[in-house]
Structures are given as structure tokens and as C-alpha cells.
Amino acid sequence: MQSALPPPLPGFLLPQGLAHTPASGPRSLLYPLKPRRFSLPGVTMNIFRFLGDLSHLSAIIILLLKIWKTRSCAGISGKSQILFAIVFTTRYLDLFTNFISLYNTSMKLVYVGSSYATVWMIYSKFKATYDGNHDTFRIEFLILPTAVLSFLVNHDFTPLEILWTFSIYLESVAILPQLFMVSKTGEAETITSHYLFALGVYRTLYLFNWIWRYQFEGFFDLIAIVAGLVQTILYCDFFYLYITKVLKGKKLSLPA
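Numbered per full-length UniProt numbering, the sequence shown spans residues 1 to 256.
Here's what the structure looks like:
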């Protein structure tokens, strides 16, 4: 059962009816679902959410294996990985206050842990292979606007909810430094392309998840939907290049 939203704060909250906060507290990976669902031991979700999580997990594994096996982080934007570490840290602070399921907690730990492991490998373990000359995107131009926006447009003006909102906004643009780096170098390794494709599929599947939830649960989260649309749009050009080049055995390149 969903809990009632707290009284709105003028100028800070979305209009009533555009958001519906789950009773489990400040944002979790899973929400209670109605019929037409996919079940795992101890947890229930729709199939799009499950496949989205699998795609996201696949992207993480591809990236970590790429760096560890080649002993190189060439072609990987450390700045995008810093942004992802910030995203998961601010999103899953409720890890210490909310327990939804073993699956939920495990996935949160994987996302947070893997993001910091990636940053460590790029800036410490394999620092000599990091291409800082091409990874020059000014991430403060992404962090500051999304931070301000999270204070102005959110579901509930509380610390955890503002941080959750900030993470949603920031994730929608966190891939920009990576795409900018590929554009500057003019190409991307095949394995890096697979990583980016898996991330793009993850976000696309989550859009279908929101459609499903609206259709069968009446759940509508404008912040997550708009941010998801922005993120998916950023991947559109990459999807086209991936399908027309990488899947045909060619190297992926973006216009410089």
C-alpha cells in the first residue's frame, strides 16, 4: 500500500499527481508490484526492470573485465566513472536505513562497490594507461546544475529525497564525458562499445519499466521518466553507430 505524500512545499515540489512516493521510504530499486510480474526468491518486479538490471550488471562486468584483463583503462573516461560513483553513493544512502530484500541490498552494494573499484583502477592501479589528455570534459558543469535542479524540483524536500533526485538528474548526463572522449579520439575499442551499448539498453529497458508500471500500477514518476528520456536520447546516435558498424565487425567512431 502506498503512503500519502507529505504536504507540498511551494516552489520546491512537483505538482500533486505527478509523483507517487512508495511507502518503503526514500527510493529503492524495487517497489511493490501488482499482477503481471516477474518473480525471484524474495523479490517481485516486472520483466523490463529485471532485464534492465541484468543489462546494467552486464555493463559493469564488461567494463571491469576489460580493464583488469588488458591491464589498461585506455579509452575509458575516468570522469564518467567519477560521476557514476557520485550517482550511486547519493542514491543508495538509504542502504543504511531501509531493507527491502536481499536482491535489493546486493544490487545496491554491487553498484556502489563496482563504481569505486573502477575509479580506483583508473586513477591508481592502472593510472599509467589513463588517457587524461582526451578525458577533458568539465564535469562541474554537470554536477552543479543538477545539484541546483534537485533542490528546485523534487518529490519531497528532505535530505535523502533531494540526494536521490540529484542522483537521477546526474545519471542522465553522466555518460557525456565518455561520449565526449570517444568523439575526441575518433573511435572506441569494440569492448568499450559493448559496455556503452549495455548501458544504453539498461536505460531503454527502464523506460519500458515506467510505461509498464503506469499501465498496471498507476505509478507515475515524472522526474525519473524525464531523466530517463534524456539519457536514452544521448545514446541514440551511439545505438545507430553500434548497429551499423560494431555489429558488422567495424570499429565504432563518432564525428570529431
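C-beta atoms are modelled at their ideal positions from N, C-alpha and C, and glycine is treated no differently.
Asked, Found
"For Ala188, the residue or residues it bridges with in DSSP", "Leu252"
"Backbone CA spacing between Tyr240 and Thr192 [nearest angstrom]", "15 Å"
"Straight-line Cα distance separating His134 from Phe208", "34 Å"
"Residue of Ala224, Tyr214, Gly200 minimising C-alpha distance to Asp237", "Gly200"
"Delimiting residues of the alpha helix (DSSP H) encompassing His218", "Position check: residue 218 holds Gly in this sequence, whereas His was assumed. Premise fails: Gly218 is in no alpha helix (DSSP H) and is neither H nor E."
"Secondary structure of Asn98, DSSP reduced to three states", "coil"
"Proximity below 8 Å, CB of Ala85 to CB of Ile168", "no"
"Where Glu171 falls, given that 16 or more other Cβ within 10 Å makes a residue buried", "buried"
"DSSP state of Asn104 mapped onto helix, strand, coil", "helix"
"The region 138-149 contacting the region 64-71, beta-carbon criterion three pairs below 8 Å", "no"
"Of the listed residues Gln81, Phe137, Ile243, Thr190, nearest to Val119 (C-alpha basis)", "Gln81"
"Proximity of Ile225 and Val153 at Cβ, strictly below 8 Å", "no"
"Rounded distance between the beta-carbons of Arg203 and Tyr235, thought under 8 Å", "7 Å"
"Own chain partners of Lys34 with C-beta closer than 7 Å, once the 5 adjacent residues on each side are dropped", "With a pLDDT of 46 at Lys34, under the threshold of 50, the modelled position of this residue cannot be trusted; read the value that follows with caution. Phe216, Glu217."
"Nearest-angstrom beta carbon gap, Gly52 and Leu205 [assumed within contact, 8 Å]", "4 Å"
"Thr136 beta carbon less than 8 Å from that of Ala74", "no"
"Contact check, Thr105 vs Phe99, beta carbons under 8 Å", "yes"
"Spatial distance of Gln178 from Arg213 (CA atoms)", "31 Å"
"For His155 and Thr146, believed in contact at Cβ under 8 Å, the rounded distance", "Going by Cβ atoms, the distance from Thr146 to His155 rounds to 16 Å, so no, they are not a contact pair."
"Whole-angstrom distance between Ser77 and Phe126, CA atom to CA atom", "13 Å"
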